[in-house]
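Chemist: My questions all concern the structure below.
Laid out in structure tokens, this is it:
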């Protein structure tokens, strides 16, 4: 079936991936390494939040959630279904990508800024 952004668990037992887009959302699904469905809580993400990452050594998934122009990082325990918000960024803080460190203790963000200044520097002619 159609799938995007496969992310393997740190123990290699299963992979989480985004399924087909339906409207402005896509459903996350999981599969074991031998191709069998892997149980996880039902979960759908918005179109602009296609990036997600499993936290090494845990059963938790970090993902983007929110409106098109104001997304925050959230974490969901795939065994219990418990979800919690990790960040509370202002609408000016637009996350475009992120990754979780190998030890699961840090998250690196990439952000887009629309308020950049353009400066023209005139060089003196001899």
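In my numbering, the protein residues as written are -16 to 109.
Beta carbons: idealized from backbone N, C-alpha and C, even for Gly.
In this text the structure is predicted, and so the values were computed from the model without any measurement.
Between residue -9 and chain C, is the shortest Cβ-Cβ distance under 8 angstroms, so that the two count as touching?
Modeler: Protein chain content of the structure displayed is limited to a single chain, and chain C is not contained in it.
Chemist: Mind checking whether residue 43 and residue 60 have CB atoms under 8 angstroms apart?
Modeler: Yes; because the gap between Cβ atoms is below 8 angstroms, this pair is in contact.
Chemist: Cβ atoms of residue 84 and residue 37: under 8 angstroms apart, would you say?
Modeler: Against a cut-off of 8 angstroms, the Cβ pair of residue 84 and residue 37 comes out as no contact.
Chemist: Beta-carbon separation of residue 39 and residue 87 under 8 angstroms?
Modeler: Yes, the Cβ-Cβ distance between residue 39 and residue 87 is below 8 angstroms.
Chemist: Buried or exposed: residue 119, going by 16 or more other Cβ atoms within 10 Å of its Cβ?
Modeler: The structure shown has nothing for residue 119, since the chain only spans -16 to 109.
Chemist: Mapping DSSP to helix, strand and coil, what is residue 37?
Modeler: The answer is strand: DSSP assigns residue 37 an E or B state.
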